[in-house]
Every structure is written in structure tokens, then in C-alpha cells.
Amino acid sequence: MNDRGRRRFLQQLAGLSASAGLCGVGLADALALGPKTQVGLTQLSYRGGNAMPRVTGLQRLAWEVDKRTSVDMATRGVVVPMEDKSIFRHPFLYLGGDQAFALPSSAALARLRRFLTFGGFLLIDSAEARPGGPFDLSVRRLVKALFDERALKKVKRQHTLHKSFYLLDEVVGRVTPVPYLEGVERDGRMALVYTQNDMAGAWARDNFGRWEYGVYPGGAQQREMAFRWGINIVMYALCIDYKADQVHIPFILKRRKWQVR
Amino acid sequence: MTPLGLKTDHDWDFLLVNPWGSTGLLVAGIVMLLVVTVAWRSCRGHRAGHRILLFGVRIVAAVALLLTLLQPTLRERSVTRSPNAIAVLVDASRSMGLQAKGESSPFEQALHLLGRSKDRLAGWSQKRRVEFYTFGETLQAHSGLEGVKPQEERTDVARALEALGQRYAKGDLAGVVLVSDGDDNMRLAAGRVGFAEALVRKLGAPLHTVWVEGRSFRDAAVAEVFADEFAFVRNAVKVEAEIVARGLASKQVEVKLEEGGKVLARQVVQLTGGRDRYRVAFEFVPQRIGTRTFSVSIDPQPGEVVLDNNRQLFLVRVIRDRIRVLQVCGRPSWDERFLRRLLKRDPNIDLISFFILRTPASQALVPARELSLIPFPTAELFEHELGSFDLVLLQNFNYGPYGIGTYLPHLRRYVEQGGGLAMIGGDLSFASGGYAGTPVGDILPVVLRPGANARELVETSDFRMALTPAGRSHPILQLGQSARESRELLAKLPALSGVNRVVGAAPGTTVLATHPRLKGDDGAPLPVVATREVQRGRTLAITTDSLWHWAFVAVGEGLGRGAYDRFWRNAMRWLIRDPELRYLRVIADQRRVKLGKKVRLRIRAYKADYSAAKGVVVDCTVRPPSPAKPFTRQVTTNEQGDAVMSFPPSVAGPYVIVATARIEGRESREEQTVLVERQGRELRDPRPRSALLRLLASLSGGEYLGKARELPELSFRDPEVLRVNWRRDLQLWSQWWWFLTVVLLLALDWLVRRRLGHL
């Protein structure tokens, strides 16, 4: 079997396993110490713009994380307004959109700043796939209001985000206009991660099991890599720099030679 | 000599009465100057011989006249003096007693010297008091030196001279005869000239010194050990020692670093003729914390005079550098995430984390090389390296799928031997993790429900934990500044979510917090936080995986994460048996005590909730160094849980004090080591040397007599006048011969001037 054939086979196998794993989720739900102890990916809603351009993307990512890793994920989607005080019950927040959006109130900004400083994680995913577009400008305005203009920096290739579960290089989503992540580091960890590649677009799948959006230019392989990026981001949010611990380094360096690009 | 020991004497003084005062003297001086000037000017034009004659006669005549005006007088006095003292100062330090086979010791030599100088001393005592002293650490007066043994633990010449200075009033000390081997080991050890000079100036009397020493002095000594008082466990410790070898042939000797008879390191030193000091360095890695006694020693050498100094003990308090924590987590979760973050941020914690990121049930659609996952090093962690951790955290971790079942007995043994183990709840923990009936399950503070239906093992509702009476005073739940503040804070903290259901508390467990509604099988509230002592180790059970609410949700509610941080820091300190959190503590007033002083220990007993345990009978077994015999004393704690125990040590060396008590039915044991040392450092590095004696003699105007066999005649200060009995003045200026001399000189001046044509 050549490389392409092998990958296709693995993807088919993934699809099969995914269907078979549904009952596994149910069992995990029953065993966990309540839904609050599960890891949830919470969507942020906001005033103006379109907060949920990829409705099913986040749920699908949660499902994949649950299947592929040991993390006990809450697969039911939760949406929390950016202005809501309850954001502290959801340490992983997702902010998506494809249009300009309004800045939240100063109280909400202060709360979000505190959320990020004291351990919360925010993934911002642009569905407009256009650097410099209205959503991108809104995101940068938000980051400036939260921290400062220079806080958002390109995430280096050596960062733990590239190796928190899979060994990954270029950042991909439904599209690939920006092959890297940007992020805001707080207290030695990445508290905010921003991608302009519409990752949720690659993750989104309808109730009939069909992918909602085509992935360009890499097709199925790129979609798989988008999932891997999603999983890495979730793993990073949960384990922070675990993969930077000294004990992991020799293994990771060795395997870097073999990774799929 | 009077019966009181006073002595009457005559003395003569020449003095100028000068009744004209200073004004008269000034006028006379000016007149003299004029006379000299005029005389000089008048000499000009004469030959040199005539000029000298003219000027000389004029000057002599003028001086004679001036002297007459000043009224010279010869005064005779009859005075009574108190005879001053000659202090014979003999070194009685232990080094003076060192004796090679067939030779007399320096102290015996000193006695022989004084014996041979009996007549000289008797002669001195005709005019002065001759008083005998010995010195070492202090000055001792003696009527004679018979029966005196050289046993002082220090040689402090400066202190002896200072004491002499205080003992004698000014001028009452005629001089000092100092007999010593010169081995000062206190302030004059370094031979500081400035200090010695100030010392003898203050004494104000000549210091005559005699040097005595053993002829064939042989010694090998561990003169000094350079080691830090603190060391970090499992970190290399450097110890240096100064070895002194005197009078020994060129050879190799072995120097050992030992602990409790076990040799930790060896070094070979090549002795050479030209050197007497050698530096050796050791390195070792202490494996256990606590106050430990080490020694550096050198084997006895043939013909060696002192064996006491061949070994030197020292204490090192081995402490943790950082707490080594092993965090094993069954799956990434927010509870894991906030705990890891806390542990990683703490500079005192050395964290090794292992998280199960993928279970055997997870889909494995990609080859391992595309993943960053590493094999779970079970044997390394749970067999080889387990003992190196201070604390193991099993966080929502089920051992079954990873083949760790065979290592559970290791974990149990690790705890029994002093390790700390915390099990944190979750759907993979406690009974849900399959620990019921296992070696680990048996040492947990909670009894697990074996073989129950998975759904019966967890409860998912929200709750706020309720403090038990023990939890109110236990250090783990001291989240605020006071017990009351802690209670109030706990009531305000965000609710927790879900617990692992257990049968109840295990025997010997201290339950600190319970579920407010759920009960165990015994009808008692379900434990949420419980602690247990397992032989030398400790275990902690937290039956929920939602403590992270205190770290993050609390921040959203404006409470901050301080309570969470304090809870875990307290829990870790308790689990690793931080000395401050032991139930029985033995605190030595001093870890190093001089022989002759008492060893004093304070004993404190605490209940499991850390309130004072009063009326506790504590057995204190003292294990002294040989040849002293071990003994046991019983003390009982007072209302504050305190007791004091003290004893006078009989020999130098390490004393291990083991305190045992039964507090609330639980055996507690605590050990403390106190090092009893000889008073001084007399025999640590005995060095007979004459340099100091030479220095003192030369600075004071005395004589250095070297190794004199007998005392020669020596110079001493005169005694001070105590009383003038009568006085007679002979006024020289009013004598006829004085006048005649003055008149003749004036006449001679007139005659010379006339003959040379001036008149």
C-alpha cells in the first residue's frame, strides 16, 4: 500500500471506529463524577456579527477528542454569552465568526482578561479565512482591548502546541491562508490561540455524517490534519506544557523524523 | 621589711626649685639669649682659638648664673614601698600533658624547671612576692604547683594575661614568667602582632618566656572539617578536612568519611617530610533526610602521642531541596490541569508527571511515530525510582489497563517506609479504579466497596464539604489565617461536583471533611477528605475530582485561588511529614553542646487534629556514645502539650534521643541527634611552637629564655612608693662652694676679656 492508499484506509477506519464509539461516550457519561467534571468546549456568543458560522464543528471536535484520546469530553454543545459571569465554569472557550463583531462591555472585558490570566483558555477561529478581513480586525481589536496590541504573537514551531498529542507542523483548517497560529502568552502558557484557517469548517459534519464544507487544497488529508490540530489545542489547554517535560523530549525528537507533513 | 610585708627605702632626687615661676624663667631665657648674642658678636675679629675661649667662658658663666637663679636642690627621701609581684604562669592545658614513651611531658618539664630554680625564686621573694598561676581556658592561682594536672581544654594566653592585668593594681606587677608549649589555640593562635602588643602594653610589665615541649612529638590529626550545616537530600555534598601530620615518616595514610560505622568515601594522603598540613576533599550523596552524624578519621599511627584527634565528628542536617512529586493521572481533566499548574509553578517542587493521553480503548488510527506519546515507564516509576519520590499523587488513575497491578505492593511498601500517597477522585479512581482489596486500597484512609456496580460507585450531585471537628484544627484545611477564617472561607468557596462513594473511613483514619448529605455504610457521613498514618508513611484521600472549582470558579466569584493553593500546599507538607507537622516533636535547644553543659530538649505532642495533646507520657531513650550506657527517661506533657527533658552528658560524641509516645492510641516516634563536644579545641591540632613566646617577650621588654633548664636573674619593674616617711632637701645654690664657683667663672670672663682687649 502506498502512502496515499494507507492514509485513505486509515481515514476509512477512523470513520468506522467513530461510529462504533458512540456507545462508548454514553458509558463514559454514566461513569464520570457528573457532567461538570467532563471537559467541555464552550462556544462564546457575542453582540453583532455571526458567532456560530460552523454550528456542528465544535461538537464534532469534542467527539473526536473523546474517541481518539483518554479525555472524557462533554459532547453536548454549550453556548455562553461573552458578557456572562458563568464563563469561569467553562475553562475552554471557543470564539468563532466570519464578520465584524462588537467589543463587549468593559466589565466583560475585565472578566475575560481575568479568565485568561487565571487559567482559562480561549480558541479564536476565523471562518472568514481572510487575513485583514472584518472578523480578523475585530479579533485584533478584542486582543488589544484585553491586553495590548503586541500581545498577539506568532506561535513558534517549537511550541508545545505542535506536539501536545500529535506531532504537527503547518497549521491547517478548512483553508490554509495563514500556516501558523498566533497566541497570547500569559504566565508561561498560551492563554489565547488564534487561527485564521477556519478549523471548525473542517470539523463540521451534519447529523447524516456528511462533511459540511469542502477542505482546500488538501482534501481529506487536510481535514484529518485539522482534526489533529483541534485535538492538540484541546490537549494543550488541558495539559499545558506537559509535552515539554524533559522526559518526553528524546521520544519526540526521534519521531519528528517520521511525522506526516 | 615590715611585718606587713612593706619595705622601707631611701631615694635621692635632683630638682630645680625655680621660685620665679614661668615668667621669671622666660625673662631669664631672653636675657641668656641676649648675652649669648652679644658675646658672639663681640668675638668677631678674633682668631678662632680666642673666639672659642671668649664665647665658651661667657656661656658657662651665664649658665652657672642661670642655674643659681633656678635654685638647684638635692632631695633625699625615706619611702615605704609595697613589694610587687612576680607572676609565674604555667600552661596547664591538655597539650602540656602530652607525653611520648620514655619522655617527660612539657608540664613535667615546667615543674622540673621551677624545681631547679628554687633558689632563684627564693631570692626574688626577698624583694617581691612570687605568685604561682596555671592557665588554660581560665587563670587559676596556686600556692604551689604540686598535684596540678594539665587538663584545661583550651590554651588562651591572652585571657590569662588579661586576668593577670585585672588581678594586679597598676604597678603592682613586677613581671611575668610564662612557661608554656606556646600552643595557643584561641585569640593568639594566629600570632597577631598588633593584638599581642596591645595586650602586653596593658599589662605594663616585662614578660619573660620559657618554652617547654616534648622532644619526639608525633601526631596525626583531623584538625578541621569544613562542611555545611545543611545539605540537600540526594544532592552531592562536599566535605573538606584538614589533616595534620607531625613527626611522622613519609608514608601513605588513609582518611575516611563515615556515617554510623559505614565508610562513605576514602582518600589516601601521601605524607612528606617537608609538610605538616594536607587538605582532603570528599563527596557523597545523602539518601535520607534528618540530622545525621558523620565523621572524618585517620587511622592511629605508630608512636602517635594523641589519639583523640584522629577522628572528628560533625552534624549535617539533611533537608529536602525540592519535594519530588510523581503525578500519575488517568486522563487529562481540569482537575489535573489546575493541580499540575500549581505544582509546576512551585519552585520547591520537582514534578514528574505521567498522564494517560490515550487508553487501549481509544482509536489508534495513526502510527505511533505521528504521535508525541511515550511509553508508560511503569517499572522505572513504580519499582526502580519510586523511593526517590517524596510524594505520589494518583489522580483519577486506574492501574488495570497498564499492567501496574504487580507494582501495587511496591506502592504500599513505599508508603509504609515513609512515602506519601494521595488518591484523588474521579471515575477511574478508588473503587472505580479497581483498588478495592488491593495493597494500595488497604492503606487508603477510606474503605472501598469491592465489586460493586459501576453506577453505585459515584454520586454526581453538587455539594459543599462539611468540616469535621478534626478538620477544624488539622493543618490541611487551614485555608485562612485562623480556624474561624478557614471555616468561613470554606463555606464561601464554590460547590464541588460529584464524589466517589466509599464504604466509610478506614480504621485509624482522621476524617477532615465529609459530604453534607451522603452517608457511608456505617451510617457516618461520607468522607471527602481523609488522612491516615500507615506505619512511617501517610495517605490522603480526596473523593472528588472537582477541587479545581476552588482554583478557577472561585476566581470568577471574586475569591481568588488562594484557598486551593493553600489546601494543596498544606496537604503536601502533611503527606511528606514536614517536621513542622509531626505529631511528636523533639526540639533541641542546641544541636552542639559542650561537655559539662546540659543537653536540653523540648518535647511537644499533638493530637491528630494538631491540638495540644496534654498528659501524654513520652519515653525518651538516650543513646549516648560508648562507653556511656543508654538510659530512658519519662516525661509527661503539660496543658500546652509540652514537656522538657534534660541530662548532663558524660562523654563527648553523638547522642541520639528517641522519643516515643502513644497519642490517641497511635504510636508516634521522633528522633533527634545532639553532638556533645569537648570544651575546647586543645588537642584538635596540638602544635608546640615558640614563636608566640618570642613575640610576647620582645614586645614587653622581657627575655625569651628558650628551653631554659633554670631561671636566670631577670629584670622586673620596681615596686611603687606607698608612703614618704621623711624628706630632706640640700639646696645646692645656697652652698658657699656654689657661690665661689659662680664668682670665679664671672671673674674668669672678666679676666679673659681684659687680656684680649675688650675692657
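Line by line, the protein sequences are chains X and W. For the first sequence, my numbering assigns the number 154 to the initial residue and increments by one for each residue that follows. For the second sequence, my numbering assigns the number -1 to the initial residue and increments by one for each residue that follows. We put the beta carbon where it would ideally sit given N, CA and C, even for glycine.
For Arg309 of chain W, three-class secondary structure by DSSP | Residue numbering aside, residue 309 of chain W sits at position 311 when the second sequence is read from its first letter. Three-state DSSP puts Arg309 of chain W in a strand.
Please list the segments of the beta strand (DSSP E) lying wholly inside the stretch 577 to 627 of chain W, counting only runs of 3 or more residues, in order along the chain.
-> Complete beta strand (DSSP E) runs here, min 3: 582 to 586, 590 to 592, 597 to 603 and 615 to 621.
N-terminal and C-terminal residue of the beta strand (DSSP E) that Trp209 of chain W is part of = Your numbering for residue 209 of chain W matches position 211 in the second sequence. Element bounds for Trp209 of chain W: Leu205 to Trp209.
Distance, Cα to Cα, Ser495 of chain W vs Gln191 of chain X?
-> Counting from 1 along the second sequence, the entry for residue 495 of chain W is found at position 497. Counting from 1 along the first sequence, the entry for residue 191 of chain X is found at position 38. Distance between the alpha carbons of Ser495 of chain W and Gln191 of chain X: 11 Å.
Nearest to Leu214 of chain X (by Cα), restricted to the options X:Gly202, X:Thr313 and X:Leu194 = As a first step, residue 214 of chain X must be located in the first sequence, where it is residue number 61. Selected option, being the one with the closest Cα: X:Leu194.
Range covered by the beta strand (DSSP E) that runs through Asp460 of chain W = Taking the second sequence and counting its residues from 1, the one referred to as residue 460 of chain W is at position 462. Asp460 of chain W: member of the beta strand (DSSP E) spanning Val456 to Phe461, first to last residue.
Could you spell out the range, first to last residue, of the beta strand (DSSP E) harbouring Gln393 of chain W?
-> To locate residue 393 of chain W, count along the second sequence from 1; it is residue 395. Going by DSSP, Gln393 of chain W is part of the beta strand (DSSP E) stretching over Leu389 to Gln393.
DSSP state of Trp18 of chain W, grouped into three classes?
-> Numbered from its first residue, the second sequence carries residue 18 of chain W at position 20. DSSP places Trp18 of chain W in coil when its eight states are reduced to three.
Give the straight-line distance between the Cα atoms of Leu371 of chain W and Lys220 of chain X, rounded to the nearest whole angstrom.
-> In the second sequence, counting from the first residue as 1, residue 371 of chain W sits at position 373. In the first sequence, counting from the first residue as 1, residue 220 of chain X sits at position 67. The C-alpha of Lys220 of chain X is placed about 16 Å away from the C-alpha of Leu371 of chain W.
Lys337 of chain W: contacting residues in chain X (beta-carbon distance under 7 Å) | Residue numbering aside, residue 337 of chain W sits at position 339 when the second sequence is read from its first letter. Rather than Lys, the amino acid found at residue 337 of chain W in this sequence is Leu. Taking the beta carbon of Leu337 of chain W as reference, no residue of chain X falls within 7 Å; the closest one sits roughly 11 Å away.
Burial state of Thr466 of chain W (16 or more Cβ within 10 Å) | Here residue 466 of chain W refers to the residue found at position 468 when the second sequence is read from its first residue. The Cβ neighbour count for Thr466 of chain W, taken over all protein chains shown within 10 Å, is at least 16; the residue is labelled buried.
On the three-state DSSP scale, how would you describe Ser178 of chain W?
-> As a first step, residue 178 of chain W is located in the second sequence; it is residue number 180 there, counting from the start. DSSP places Ser178 of chain W within a strand segment (E or B) once states are collapsed to three.
Would you identify the three-state DSSP class for Gly272 of chain X, choosing helix, strand or coil?
-> Taking the first sequence and counting its residues from 1, one reaches residue 272 of chain X at position 119. Three-state result, Gly272 of chain X: coil.
Answer yes or no: do His408 of chain W and Tyr608 of chain W have a C-beta to C-beta separation smaller than 9 Å?
-> Here residue 408 of chain W is taken as the residue at index 410 of the second sequence, counted from 1. Here residue 608 of chain W is taken as the residue at index 610 of the second sequence, counted from 1. Cβ atoms of His408 of chain W and Tyr608 of chain W: not closer than 9 Å.
Which ranges does the alpha helix (DSSP H) cover as unbroken runs of at least 4 residues, wholly within the stretch 93 to 134 of chain W, from first to last along the chain?
-> Counting whole runs of 4 or more residues, the stretch 93 to 134 of chain W contains the alpha helix (DSSP H) stretches 104 to 114 and 116 to 125.
Return no unless some Cβ of chain C is closer than 9 Å to the Cβ of Ser259 of chain X.
-> Here chain C cannot be found, since the structure's protein chains are X and W.
In terms of alpha-carbon separation, which member of W:Pro330, W:Arg199, W:Phe714 and W:Tyr276 lies closest to Gln393 of chain W?
-> By one-based count along the second sequence, residue 393 of chain W stands at place 395. Ranking the options by Cα distance to Gln393 of chain W, first place goes to W:Pro330.
In whole angstroms, what is the alpha-carbon distance linking Arg114 of chain W and Val86 of chain W?
-> Counting from 1 along the second sequence, the entry for residue 114 of chain W is found at position 116. Counting from 1 along the second sequence, the entry for residue 86 of chain W is found at position 88. Rounded to whole angstroms, Arg114 of chain W to Val86 of chain W spans 14 Å at the Cα level.
Examine chain X for any beta-carbon lying closer than 9 Å to the beta-carbon of Thr357 of chain W, and answer yes or no.
-> The residue you call residue 357 of chain W lines up with position 359 of the second sequence. With 9 Å as the cut-off, Thr357 of chain W counts as an interface residue toward chain X.
Going straight from the alpha carbon of Val750 of chain W to that of Asp170 of chain W, what length do you get?
-> Locating residue 750 of chain W in the second sequence gives position 752, counting from the first residue. Locating residue 170 of chain W in the second sequence gives position 172, counting from the first residue. Val750 of chain W and Asp170 of chain W have their C-alpha atoms some 57 Å from each other.
For Ile28 of chain W, is the classification buried or exposed, using 16 other Cβ atoms within 10 angstroms of its Cβ as the cut-off for buried?
-> For this step, residue 28 of chain W is matched to residue 30 along the second sequence. Exposed, by the Cβ-count rule.
Taking Ala355 of chain X as the reference, which of X:Val232, X:Val208 and X:Ala260 has the closest Cα?
-> Reading the first sequence from its first residue, position 202 is the one you call residue 355 of chain X. The residue with the shortest Cα to Cα distance from Ala355 of chain X is X:Val208.
Ala194 of chain W by DSSP, collapsed to three states: which one?
-> To locate residue 194 of chain W, count along the second sequence from 1; it is residue 196. Helix, per DSSP.
What are the complete beta strand (DSSP E) segments, minimum 3 residues, inside the stretch 436 to 513 of chain W?
-> Correct list: 456 to 461 and 494 to 498.
Using a cut-off of 8 Å between C-beta atoms, extract the partners of Gly102 of chain X located in chain W.
-> One cannot answer for residue 102 of chain X here, as it falls past the ends of chain X, which runs 154 to 414.
Closest residue to Lys592 of chain W among W:Ser480, W:Gly651 and W:Tyr604 (Cα-Cα distance) = Translated into positions along the second sequence, residue 592 of chain W becomes position 594. That would be W:Gly651, whose Cα lies nearest to the Cα of Lys592 of chain W.
Is any heavy atom of the ligand MN found at a distance shorter than 8 Å from the C-beta of Arg376 of chain X?
-> Ligands in the displayed structure: none, and consequently the ligand MN is not present.
Residues in the stretch 260 to 293 of chain X with C-beta within 8 Å of chain W's C-beta atoms, listed in sequence order?
-> The residues in question are Arg264, Arg267, Phe268, Phe271, Gly272 and Gly273.
Out of curiosity, what's the CA-to-CA distance linking Ile540 of chain W and Gly328 of chain W?
-> One-based indexing of the second sequence puts residue 540 of chain W at position 542. One-based indexing of the second sequence puts residue 328 of chain W at position 330. Take the alpha-carbon of Ile540 of chain W and the one of Gly328 of chain W: they are about 15 Å apart.
Please check if any C-beta of chain W sits within less than 9 Å of the C-beta of Met235 of chain X.
-> Along the first sequence, read from residue 1 onward, the residue named residue 235 of chain X stands at position 82. For Met235 of chain X, the answer is no, since every Cβ of chain W falls outside 9 Å of its Cβ.
Residues sharing a beta bridge with Ile350 of chain W, DSSP | Here residue 350 of chain W is taken as the residue at index 352 of the second sequence, counted from 1. For Ile350 of chain W, DSSP records a beta bridge to W:Leu324.
Met388 of chain X at chain W interface by Cβ criterion, 9 Å | Taking the first sequence and counting its residues from 1, one reaches residue 388 of chain X at position 235. So yes, Met388 of chain X belongs to the interface.
With 16 other Cβ atoms within 10 Å as the buried cut-off, status of Pro684 of chain W = For the purposes of this step, residue 684 of chain W is identified with residue 686 of the second sequence, where counting begins at 1. Counting C-beta atoms within 10 angstroms of its own C-beta, Pro684 of chain W has 16 or more neighbours from the protein chains shown and is therefore classed as buried.
For Ala260 of chain X, name the three-state secondary structure that DSSP assigns.
-> Locating residue 260 of chain X in the first sequence gives position 107, where the first residue counts as 1. Of the three classes helix, strand and coil, the one that applies to Ala260 of chain X here is helix, per DSSP.
Please check the pair Ala90 of chain W and Glu150 of chain W, which I expect to be a contact at CB under 8 Å, by giving their CB distance rounded to whole angstroms.
-> Translated into positions along the second sequence, residue 90 of chain W becomes position 92. Translated into positions along the second sequence, residue 150 of chain W becomes position 152. 5 Å between Cβ atoms; contact.
Can you tell me whether DSSP reads Lys254 of chain W as helix, strand or coil?
-> On the second sequence, residue 254 of chain W is found 256 positions in, with the first residue counted as 1. In this structure, Lys254 of chain W counts as strand in the three-state DSSP scheme.
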